[in-house]
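Our numbering puts the first residue of the sequence shown at 383, with every later residue one more than the last.
The beta-carbon is built from N, C-alpha and C at its ideal position, and this holds for glycine as well.
Keep in mind the model is a prediction, meaning the values are calculated, not measured.
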Amino acid sequence: MNYRHIYHAGNFADVLKHAVLARLVVYMQKKDAGFRVLDTHAGVGLYDLSSEEAQKTGEWQDGIGKLLAAELAPQVAELLEPYLAAVRELNPDGGLRFYPGSPKLSRMLFRTQDRLSAMELHPEDYLKLHRLFEGDHHARITELDGWLSLGAHLPPKEKRGIVLVDPPFEEDGEYDRLVDGLARAYRRFPGGTYCLWYPIKKNAPLKEFHEALQALDIPKMLCAELTVRSDRGMTGLTGSGLVIVNPPFTLKDELHALLPALKDHMAQDRYASHRAFWLRGETKTVKQD
Ligand code: SAM
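Below is the structure:
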């Protein structure tokens, strides 16, 4: 386990993931009943963008850095408000030093009745995450293989929940593990809302991944992808995607407003693109730039 999220915190992929996660949390809160967020690969929860590691890559500058500085259209600003308000709250002096990881973001958006279960397997990162939430009765932090939690921690006792699966993709076969993990989790908790993250880069097996997801007997599956640059001559990440199972009925329209704006503000060349489409469920319309 070499991956450390501090090198990537707040990058364009975090922005898409966290903007959508915030929309999912907000939607859950339309009902009074509490819900649980299960965060299977949680990271350390709070990132110092002035740290040596974050400064080394500077990835946040092309992600949250650009978004915070952008002038957003009113509809986009409204959709991003829960997410961006959390970032601003961590930086009360108006700068950008601290960035919330997924467990911290969820927690910042919670009401008293909402709960977090977060898994982190890296011993040092687990300790940091554990310390961050020490004494917080809304959060249960466990040093456990996140893939196992898809069995052991589902369904949540609240019977309502969001499951974020955000593995580091440092080993081969992670796309297959995502598909298998979703299949297992969905059998235990078919009513849950799932959000699975995946990388887009040169030669990524996206077609096979999408087909394997389509082959699962899961009726509602939405995909959102944002690519910020061409993959010509590039080996690293050029974009990222999210598979959202049981999405709020409003999410597709929200994505059609959000994705073009995120693309416009974070594009690194003229090949930047986005799309939101149903893998299973509603009509398979594809909107692409
Ligand atoms: N979800 C976080 C966020 O959005 O702020 C970022 C998570 S980062 C992409 C992936 C994390 O998973 C890393 O912190 C890594 O240490 C951890 N990890 C790797 N393998 C794991 C496993 N099998 N179970 C749980 N955590 C794991």
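Can you tell me which of the three DSSP states A649 falls into? Counting from 1 along the sequence shown, the entry for residue 649 is found at position 267. A649 falls in the coil class under three-state DSSP.
DSSP three-state label for P464, please. Taking the sequence shown and counting its residues from 1, the one referred to as residue 464 is at position 82. The answer is helix: DSSP assigns P464 an H, G or I state.
So is the beta-carbon of M383 under 7 Å away from any non-hydrogen atom of the ligand SAM? The sequence position of residue 383 within the sequence shown is 1, counting from 1. For the ligand SAM, at least one heavy atom lies less than 7 Å from the Cβ of M383.
In whole angstroms, what separates the C-alpha of C605 from that of L546? Reading the sequence shown from its first residue, position 223 is the one you call residue 605. Reading the sequence shown from its first residue, position 164 is the one you call residue 546. Answer to the nearest angstrom: the Cα atoms are 14 Å apart.
Between A468 and the rest of its own chain, which residues show a CB-CB distance below 6 Å, the 5 nearest in sequence each way excluded? By one-based count along the sequence shown, residue 468 stands at place 86. Shown here for A468: same chain residues with a beta carbon closer than 6 Å to its own, the five before and five after excluded, namely P482, L487, M490 in chain order.
Span separating the alpha-carbon of Q411 from that of G574: To locate residue 411, count along the sequence shown from 1; it is residue 29. To locate residue 574, count along the sequence shown from 1; it is residue 192. Spanning the two alpha carbons is a distance of roughly 14 Å.
When the Cβ atoms of the stretch 619-627 are set against those of the stretch 569-589, are three or more pairs found closer than 8 Å? yes
Rounded to whole angstroms, what is the Cα-Cα separation between L478 and L466? Sequence index remark: in the sequence shown, residue 478 carries index 96 (1-based). Sequence index remark: in the sequence shown, residue 466 carries index 84 (1-based). Near 11 Å, if we compare the C-alpha coordinates of L466 and L478.
Check whether the Cβ of A424 lies closer than 7 Å to any heavy atom of the ligand SAM, and answer yes or no. Sequence index remark: in the sequence shown, residue 424 carries index 42 (1-based). The answer is yes for A424.
Might you give, ordered along the chain, the residues of its own chain that have their beta carbon closer than 6 Å to the beta carbon of H390, omitting 5 neighbours on each side? Residue 390 sits at position 8 when you count from the first residue of the sequence shown. Excluding residues within five positions, the ones whose Cβ falls inside 6 Å are E441.
Could you tell me which residues DSSP pairs with I544 in its beta bridges? In the sequence shown, counting from the first residue as 1, residue 544 sits at position 162. DSSP output for I544 lists V419, T575 as bridge partner(s).
As assigned by DSSP and simplified to three states, the class of V610: Position 228 of the sequence shown holds residue 610. Three-state DSSP puts V610 in coil, outside helix and strand.
Do you know how far the Cα of V402 is from the Cα of V408? Walking along the sequence shown from the start, residue 408 turns up at place 26. Walking along the sequence shown from the start, residue 402 turns up at place 20. So the two alpha carbons sit approximately 10 Å from each other.
Can you give the beta carbon distance from P601 to R662, rounded, assuming they're within the 8 Å contact cut? On the sequence shown, residue 601 is found 219 positions in, with the first residue counted as 1. On the sequence shown, residue 662 is found 280 positions in, with the first residue counted as 1. Sure, about 6 Å apart at Cβ, within 8 Å.
Determine contact between the stretch 410-426 and the stretch 442-459, defined as no fewer than three beta-carbon pairs at a distance below 8 Å. The stretch 410-426 is not in contact with the stretch 442-459.
For V668, which residues in the same chain have their Cβ closer than 7 Å to its Cβ, ignoring the five residues on either side in sequence? Translated into positions along the sequence shown, residue 668 becomes position 286. Legend: pLDDT at V668 = 47, less than 50; position of this residue unreliable, value from coordinates given subsequently. Only R657, F659 meet the Cβ criterion.
Tell me which residue opens and which closes the alpha helix (DSSP H) that L514 is part of. Taking the first residue of the sequence shown as position 1, residue 514 is located at position 132. Where L514 is concerned, the enclosing alpha helix (DSSP H) stretches over 505-514.
For R559, which residues from the same chain have a beta carbon less than 8 Å from its beta carbon, with the 5 sequence-adjacent residues on both sides left out? Locating residue 559 in the sequence shown gives position 177, counting from the first residue. If we look at R559 and ignore the five residues flanking it on each side, its Cβ neighbours are W529, P549.
Identity of the residues DSSP links to I626 by a beta bridge: Counted from its first residue, the sequence shown places residue 626 at position 244. C577, L604, per the DSSP bridge assignment.
Is L454 helix, strand or coil by DSSP? Translated into the one-based positions of the sequence shown, residue 454 becomes position 72. L454 falls in the coil class under three-state DSSP.
Kindly identify the DSSP beta-bridge partner or partners of P482. For this step, residue 482 is matched to residue 100 along the sequence shown. The partner list for P482 (beta bridge, DSSP) reads L428.
State the start and end residues of the unbroken alpha helix (DSSP H) segment that holds T439. In the sequence shown, counting from the first residue as 1, residue 439 sits at position 57. Element bounds for T439: 434-439.
Hey, would you say R418 sits closer than 8 Å to L633, going by beta carbons? What you label residue 418 is simply residue 36 of the sequence shown in a count that begins at 1. What you label residue 633 is simply residue 251 of the sequence shown in a count that begins at 1. For R418 and L633, no; Cβs fall outside 8 Å.
Beta-carbon proximity list for K666, same chain, < 8 Å, skipping 5 on both sides: Sequence index remark: in the sequence shown, residue 666 carries index 284 (1-based). Annotation note: pLDDT 45 at K666 (below 50); position unreliable, no value reported.
6 Å Cβ shell around Y508 - same chain, five flanking residues per side excluded: Taking the sequence shown and counting its residues from 1, one reaches residue 508 at position 126. If we look at Y508 and ignore the five residues flanking it on each side, its Cβ neighbours are E502, E525.
Following the continuous alpha helix (DSSP H) through M501, name the residue where it begins and the one where it ends. Along the sequence shown, read from residue 1 onward, the residue named residue 501 stands at position 119. No alpha helix (DSSP H) contains M501, which is instead part of the beta strand (DSSP E) from 497-501.
If you run the structure through DSSP and keep just helix, strand and coil, what is G615? One-based indexing of the sequence shown puts residue 615 at position 233. Coil.
Applying the criterion that 16 or more other CB atoms from any shown protein chain within 10 Å of the CB defines a buried residue, is G392 buried or exposed? Looking up residue 392 in the sequence shown gives position 10. It counts as buried.
Using 8 Å as the threshold, is the C-beta distance between A452 and H647 below it? Start at 1 with the first residue of the sequence shown, and residue 452 comes out as number 70. Start at 1 with the first residue of the sequence shown, and residue 647 comes out as number 265. In this structure, H647 lies closer than 8 Å to A452 by Cβ.
Please state whether DSSP places R493 in a helix, a strand or coil. Against the sequence shown, residue 493 aligns to sequence position 111. Of the three classes helix, strand and coil, the one that applies to R493 here is coil, per DSSP.
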